[in-house]
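In what follows, a single structure is set out as structure tokens and then discussed.
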Amino acid sequence: MAEPCKGRTRSRARLELQGILGFMTDVSSRADIATVVDKFYAKALQDSQIGFLFEGLDLRNHLPVIHDFWENIVFHRGNYRGGMMYKHLMLNADKPLKPEHFQRWLELFSATLDEHFAGENASAMKQFAHSIAKTIQARISQQNLLPLGTKNSP
Ligand code: HEM
């Protein structure tokens, strides 16, 4: 795993270089993933449509998990242990997740990627996000059909 401080400095240097060269580079390290994820969460938390869904989240613990998740997807390494579906089903039981919430989530995620990176990995991240969002929504639709009292089960 990349050492966080050095990694972040490298990612910042990459962003500065992109500014000088006038073109975007691809997502190519855990530090780049952290840039995308952290900037996305900064937007999502403040967002008038989906911000309330993240209320009370402990970002110090949550963000490294999300870095692991994407590092696993993009670079096939990282320590993500799984269980994301269950977390979203629990969230939905508490605060119903609607199609327009997913649409906004995806809009913000893609916009964040487009602001900082371009290339195969950046495109793959957008595609994965769309397909995972579809899968979560499909499970949520099933969950919503269950009788009350059984909805918290994954
Ligand atoms: C409406 C859209 C979404 C909302 C509001 C949302 C919100 C959240 C929240 C509040 C959590 C923390 C849950 C907890 O720790 O109890 C979470 C966890 C997570 N979300 Fe989402 N999410 C959305 C869509 C997505 C999508 C599309 C992805 C993947 C591309 C994703 C990936 C994850 C992952 C990996 C976790 C961590 C689960 C864990 O702790 O293992 N989310 N999400």
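The numbers in this note's numbering rise by one with no breaks, and the one at position 113 of the sequence shown is 155.
Each residue gets a CB set at the ideal place from its N, CA and C atoms; glycine is no exception.
For this session: Please indicate yes or no: does the CB of A73 lie closer than 7 angstroms to some heavy atom of ligand 1?
Result: Working through the sequence shown from its first residue, we reach residue 73 at position 31. Because no heavy atom of ligand 1 lies under 7 angstroms away, the Cβ of A73 does not count as near it: no.
Problem set entry | Whole-Å CB distance - H143 paired with I92, under 8 angstroms assumed | Here residue 143 corresponds to residue number 101 of the sequence shown, with the count starting at 1. Here residue 92 corresponds to residue number 50 of the sequence shown, with the count starting at 1. Going by Cβ atoms, the distance from H143 to I92 rounds to 5 angstroms, so yes, they are a contact pair.
Exercise. Is G125 near ligand 1, judged by its Cβ being under 7 angstroms from some heavy atom?
Worked result: Taking the first residue of the sequence shown as 1, we reach residue 125 at position 83. Yes - ligand 1 has a heavy atom lying nearer than 7 angstroms to the Cβ of G125.
Exercise. Helix, strand or coil: how does DSSP classify D74 here?
Worked result: Translated into positions along the sequence shown, residue 74 becomes position 32. If DSSP states are grouped into helix, strand and coil, D74 belongs with the helices.
Exercise. With respect to 7 angstroms, is the separation between the Cβ of K129 and the closest non-hydrogen atom of ligand 1 below this value?
Worked result: Along the sequence shown, one-based indexing puts residue 129 at 87. The answer is yes for K129.
Exercise. What is the DSSP secondary structure of A180, counted as helix, strand or coil?
Worked result: Along the sequence shown, one-based indexing puts residue 180 at 138. If DSSP states are grouped into helix, strand and coil, A180 belongs with the helices.
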